Structures are given as structure tokens and as C-alpha cells.
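Input: a single structure, listed below in C-alpha cells.
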Amino acid sequence: MKGFVSVYRKELYSLFALPVFYAVAFTFLVLAGYFFYSAVVYYNLLSFQASQDPMMARQMNLMEMVLRPFFFDLSIVLLLISPLLTMRLYAEERKTGTMELLLTYPLPDRSIILAKFAAVVSAFAVILAGTLPGIFLLDYLANPSWKAILCGYLGILLLGSSFMSLGVFTSSLTQNQIIAAVLSFGALLMLWVIGWAKSYVGSTMGEVIDYLSIVKHFDTFAKGILDSRDLLYYLIFIVFFLFLTLRQVATYRWRG
Amino acid sequence: MIEAEGLTKYYGPLPAIRDVTFTVERGEVVGFLGPNGAGKSTTMRILTCYMPPTTGVARIDGLDCFSRSLEVRERVGYLPESVPLYAELTVKGFLRFAAGAKGVEGKKLEGEVRRVTAICGLENVAHRIIGHLSKGFKQRVGLAQALLKNPSVLVLDEPTIGLDPAHIIEIRRLIEELREEHTILLSSHILPEVAQICQRVLIINKGQIVATDTPANLTRQLQKSAQIQLRVGGQAKELAPALENLGGVQKVSLVDTDPQKLFVETDRSGDLRPEIARLVVDKGIDLLELKLVDLSLEDIFIQLVTEEPSQEGAQS
Chain B
2 MKGFVSVYRK ELYSLFALPV FYAVAFTFLV LAGYFFYSAV VYYNLLSFQA
52 SQDPMMARQM NLMEMVLRPF FFDLSIVLLL ISPLLTMRLY AEERKTGTME
102 LLLTYPLPDR SIILAKFAAV VSAFAVILAG TLPGIFLLDY LANPSWKAIL
152 CGYLGILLLG SSFMSLGVFT SSLTQNQIIA AVLSFGALLM LWVIGWAKSY
202 VGSTMGEVID YLSIVKHFDT FAKGILDSRD LLYYLIFIVF FLFLTLRQVA
252 TYRWRG
Chain E
9 MIEAEGLTKY YGPLPAIRDV TFTVERGEVV GFLGPNGAGK STTMRILTCY
59 MPPTTGVARI DGLDCFSRSL EVRERVGYLP ESVPLYAELT VKGFLRFAAG
109 AKGVEGKKLE GEVRRVTAIC GLENVAHRII GHLSKGFKQR VGLAQALLKN
159 PSVLVLDEPT IGLDPAHIIE IRRLIEELRE EHTILLSSHI LPEVAQICQR
209 VLIINKGQIV ATDTPANLTR QLQKSAQIQL RVGGQAKELA PALENLGGVQ
259 KVSLVDTDPQ KLFVETDRSG DLRPEIARLV VDKGIDLLEL KLVDLSLEDI
309 FIQLVTEEPS QEGAQS
């Protein structure tokens, strides 16, 4: 991948040099902290009750009662913040005209796209790493399964990457960052709630719709299960939207 | 080195350029002149592979700009018109990125960045953020990135626009130095500049090339009538009718008195200066000055591009 490293480094530098990243990271981590704290405190309350009630004690499950809701809450915040991380990627380059530089350097389009995508995913991984201290605290207080936790983190990283691949695409559609963010948010929300239609469309269509639902595939990860079908869903999702972006960027040259 | 064959580019139904054909030889410095919206930038964007032409072929170093775009881009350094730069990067950071993007690797990268920084006089601002720099420095950063990896062809779109005179002279001097190693195509509004730097001028108007030659030849060719300026001591009033009777003289006008100054317009059949001189002396009038007035490049530009308001050409 010629030029990948240079573009990747430049994108990361730009991300960290601009205030949007810090606003997003701050919001994400404050909310994540609140969700985590609530889940742990609630679990703590239930544990007290369970100590009186042997039936209840058998049902107590750290993964199910703390981590799964925590990952779900994170995924909702992610839905809100990922368009904000991706909106500037192409829209800003076109607005400021730097696209003209980028496209006249000897760089293949796919290197540029992959580098931009990799940069936002890395930035998101950095933000996500900010939630790890809570998990370490949990490990100190209780005895969670690290494999299940890693699975959850892999899930949220894949979900985030999928969101961002769509965000890269919408950013390539327009010169306006706000429009890119709105389109991306709308499309993601649609994919999120598309599963609701399952109940009233036909059974075949229902299955298709259920499969398309972006958050359904996340559930298995949140439970701590690594299912190759869900892994594949996200990988295909990412490749599909990066491919669309590649086609879209190619049209810049045609339209001038 | 640079070949354009029948380049045509439509933006929707509007043609930006029509059938633009020219070549630039290796080591030449060619100026691209034309009013705003004539199609200079469009042509340059096609040559730098930013966009393909609707029809026609552009080649750099014999390579087609469309089908072998990546190889062409390796060979061309481009300064776009508005000098778009990443405002949040530092000068050094940006040049490092640009060098990496152009495929300068590892150890060579630092050296290459240092080389262009020195050429463009950016040492003192290397660690400043581009967004905080003045227009003149941004222009130099733009030029510096074009020079990275020492491309054989330089395409500079309005390299001196919006700069103060001191900076213009500096950039001009820089281009003078670069001509040794590079083939340069530059566009400009400023005519004396083009006349000074360029060996050849392409004048483009309404998307078509209307003239191409050396600045000197253009002046000669396009002068429809020659003007001779005459300064005499004594009675010029008597002189005027006599001059008008001379074969080839079209018009005589008295411009100034004391010393008397006349303009004699002649057709271009031959040089009338010796005859005029003889006539003046025969009349017993002192001949103080006699010279052929050359049309400036500005006058030619205005002649070719009549729609353009005259002040546009005169500013410099």
C-alpha cells in the first residue's frame, strides 16, 4: 500500500490536532463512566439481596448483568459519536481544496481510503481504551471472564468500524461536514431499527431484515460469544462501504 | 515533455476549454496567459491528473495522463491555484507528509524536506502551524511541496498571485533558479513577469489558445502598425504635412510641444526610420530622437482578449 503510512499519520495528526476528537472522547467517556458505574452499583444492590435468597444467587451473572448492558449502552453512544469522527474525512478535504493536492500525489485511491478509515478506527480505539480502567477495577473486585470481556471489546470495535465505514462513505458524498454527519447518523439509525419491521413483513423478508439489523449481530459479542457469522457480517459491511467510497472518489475525477 | 492534443473539457453543457493543443519541450519555461475563466486552471488540472479531459489526450514524458496517471503524478510537481494546505499541520509536518505521499522513504525523507525548506526559505517557520502563516509563506510552502522529490515537470498555477511586490520578486527569482533543472509551465496574470521569466507564452481566451510564441515574436507579429516616435527641436508644424506625404505613413500626430514630439504611424511594409530622418534633416530641423515604439505584451494581450477590461492587463 503505497503512501498508506504517510496519509495515516497525517490523518491521525489532524484528528488529534483538532478539537472535535477531544469533545467526542470527553462525551463518550463521561457517558461510559456513568453507565458502568450504574451497572456496577445495581449489581451490588442485587448481590446484597441475593445473599438472603439462594434462588436469586444462582442467577447472578457478572457478564450478563454488568458487562452486557454496559456494552449495549456504549453502542448507543457510539451511534451518536461515530458520525462526528468521520464527517470531516473527505468533506473537509473537498471544501478546503486539499483534495486537489491529495489526488495529484502519486497515491492510489484505495491507499487514501484505507488510511483515512484506519486513522478514525485507531482514534476510536484510543477513546475505547479509556474505558479499560473500569474493567480493571471490576477485575480487582470480582472475577469476570477476560475472554468474554475481550469478545465484547472486539464486538464494539467491529461495530464502531462498521459505523465509521459508513461514515467515510457519507463524508465522500458531500463537501459539507454537517450533511455528512446527518446522512451517516440517519443511515445508521435506520440500520439499527430496521429489525423492528421483522414482525409485520413476511417471514422470508423478515429474516433478511433481521440479518441486516446492525445491532442484532452485536448482541452475541456483548454476551461474550464469538460467532463467526457475526464477525463476517461486520467485515462484509466494512468492505462494502469502503468499496462504495472507492467508487465515489473515482467519480470526483470524472466530474472534476 | 508536456503534450496536449485537442484537449476539451465540458463542465455540464459549458465547455471550459476547447481543442487546446500545445507542447512544451524539456527544459522550457512556458507561461500560460489568459483572463479569469479562460481555462488555464482546467488545462493544468488535466495535465496534473486531477481530472480527465472530455476529449483529447494529455501526455507528460510520453505517458498518458489518464491511463498511466500514477506514473505521471510521480513526475509532476503541482502548485494548485488557491494553494490548498492542511491548516492544522506544521510546515515541517506537512512537508514530511507530502514527501512520504510522493514516495520519498526513510532516511532520504528528512534530507529532502530540508532541501526544499532551504530552497523556499522556510527555515524560520518550519515549526509553525500553516494556518497561522501569512499568504506569502503559504505560497512558499505550496511551492516547496511541489518541489519535493525533484519532479521533472513543474506546473504552477498563479504562483505569484496575491503576494506583495517583495515576495513576487523573490518567487520570480526562485523560478529563475528552478529553470535549470525543471520543465515549467506557469500561469499568471502579471504580464511583465511572464515576459521576463518565460521563453514562450501561450495566450488562452474563452477556452482556446489564441497565440503561442516567444514574448518578443508575439510583440512583433501582432503589431498591426508600427509607431515611430520623433522628437525634434524647431517647427514641427511644418514637418507634419511633409511626413504625411511620405509613402507608407498612415497618420502623424503631434503629441507634445517644446521639445516637439510626434507619433508617426506607418504600415509594416518596411522600416521608414532612415527616410524620416533624412526628411527632417533636409528641412533644417534638429532631430533629437527617433525610435520605434514596440507594443508591450500588455497591449497584445488586450488586443487578443478584447473583452478583458484594460486595467486587468495593466496591473503589475
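Read top to bottom, the protein sequences are chains B and E. Using the numbering used here, you'd call the opening residue of the first sequence number 2 and step up by one each time. Using the numbering used here, you'd call the opening residue of the second sequence number 9 and step up by one each time. From the three backbone atoms N, C-alpha and C, an ideal C-beta is built for every residue, glycine too. A quick note: this is a predicted structure, and the numbers were derived from the prediction, not measured.
Just to confirm, are residue i and residue j a CB contact at a threshold of 7 Å?
| i | j | result |
| --- | --- | --- |
| T274 of chain E | G292 of chain E | no |
| L55 of chain E | A66 of chain E | yes |
| A181 of chain B | A92 of chain B | yes |
| L13 of chain B | A120 of chain B | yes |
| A51 of chain B | F71 of chain B | no |
| E101 of chain B | P88 of chain E | yes |
| L243 of chain B | S173 of chain B | no |
| G14 of chain E | D27 of chain E | yes |
| I192 of chain E | V37 of chain E | yes |
| L117 of chain E | A107 of chain E | yes |
| K217 of chain B | G187 of chain B | no |
| K110 of chain E | L141 of chain E | no |
| V169 of chain B | F118 of chain B | yes |
| L251 of chain E | V218 of chain E | no |
| F105 of chain E | S15 of chain B | no |
| K224 of chain B | R59 of chain B | no |
Would you report the Cα separation of residue i and residue j, rounded to the nearest angstrom?
| i | j | result |
| --- | --- | --- |
| S90 of chain E | G4 of chain B | 24 Å |
| A248 of chain E | L151 of chain E | 55 Å |
| P167 of chain E | E120 of chain E | 21 Å |
| I211 of chain E | G139 of chain E | 34 Å |
| Y176 of chain B | M57 of chain B | The residue you asked about is not Tyr; residue 176 of chain B is Gln in the sequence shown. When rounded, the distance between both Cα atoms is 56 Å. |
| F309 of chain E | N253 of chain E | 33 Å |
| G153 of chain B | Y94 of chain E | 37 Å |
| S318 of chain E | P200 of chain E | In this prediction, S318 of chain E has a pLDDT of 41, which is less than 50 and means its spatial position is unreliable; what the coordinates show is noted afterwards. Approximately 15 Å, taken between the alpha carbons. |
| T87 of chain B | Y86 of chain E | 28 Å |
| L63 of chain B | Y44 of chain B | 8 Å |
| V202 of chain B | L78 of chain E | 50 Å |
| L267 of chain B | R89 of chain B | As shown, chain B starts at 2 and ends at 257. That puts residue 267 of chain B outside it, with no answer to give. |
| I236 of chain E | L262 of chain E | 12 Å |
| C73 of chain E | V84 of chain E | 11 Å |
| L186 of chain E | L194 of chain E | 12 Å |
| I114 of chain B | R76 of chain E | 20 Å |
| T125 of chain E | I183 of chain E | 15 Å |
| V78 of chain B | G34 of chain B | 12 Å |
Where does residue i fall in DSSP's three states?
| i | result |
| --- | --- |
| G18 of chain E | Strictly speaking, residue 18 of chain E in this sequence is Tyr, with Gly absent from that position. DSSP places Y18 of chain E in strand when its eight states are reduced to three. |
| Y253 of chain B | helix |
| F27 of chain B | helix |
| Q50 of chain B | helix |
| E13 of chain E | strand |
| R239 of chain E | strand |
| E33 of chain E | coil |
| P249 of chain E | helix |
| T246 of chain B | helix |
| E188 of chain E | coil |
| S162 of chain B | helix |
| P109 of chain B | coil |
| I293 of chain E | coil |
| R208 of chain E | strand |
| N213 of chain E | strand |
| P20 of chain B | helix |
| K110 of chain E | coil |
| R220 of chain E | As written in the sequence, residue 220 of chain E is Thr, which differs from the Arg given in the question. Correct three-state label for T220 of chain E: strand. |
| A143 of chain B | coil |
| S142 of chain E | coil |
| Q147 of chain E | helix |
Under 8 Å Cβ-Cβ, which residues of chain E neighbour residue i?
| i | result |
| --- | --- |
| P109 of chain B | L78 |
| A18 of chain B | E96 and L97 |
Residue i touches chain B at which residues, Cβ-Cβ below 9 Å?
| i | result |
| --- | --- |
| F30 of chain E | Near F30 of chain E there are no residues of chain B at all, since even the closest Cβ is about 20 Å away, more than 9 Å. |
| G108 of chain E | G4, V6, S7, V8, R10 and K11 |
| F105 of chain E | S7, V8, R10, K11 and Y14 |
Name, please, each residue of chain B whose Cβ falls closer than 7 Å to the Cβ of residue i.
| i | result |
| --- | --- |
| C57 of chain E | T105 |
| F2 of chain E | Any property of residue 2 of chain E remains undetermined from this structure, which presents chain E solely from 9 to 324. |
| E82 of chain E | P107 |
For residue i, which residues in chain E fall below 7 Å Cβ to Cβ?
| i | result |
| --- | --- |
| T97 of chain B | P92 |
| Y14 of chain B | L97 and G101 |
| E101 of chain B | Y58, P88 and P92 |
Identify the contact partners of residue i in chain B, using a Cβ-Cβ distance below 8 Å as the criterion.
| i | result |
| --- | --- |
| G111 of chain E | K3, G4 and P107 |
| P21 of chain E | The premise fails here: P21 of chain E is roughly 14 Å from chain B at the closest Cβ pair, so nothing lies under 8 Å. |
| F145 of chain E | Per Cβ cutoff of 8 Å: no residues; F145 of chain E is ~17 Å from chain B at best. |
In chain E, which residues lie less than 9 Å from residue i when you measure between Cβ atoms?
| i | result |
| --- | --- |
| E208 of chain B | Within 9 Å Cβ-Cβ: nothing; E208 of chain B doesn't reach chain E, min ~44 Å. |
| W255 of chain B | M59 and P60 |
message: If we require 4 or more residues per run, which alpha helix (DSSP H) segments fall completely within the segment 45-105 of chain B?
response: 55-60, 69-87, 89-97 and 99-105
- prompt: Whole alpha helix (DSSP H) runs in the segment 36-95 of chain E with 4 or more residues, listed along the chain?
  reply: 48-55 and 77-83
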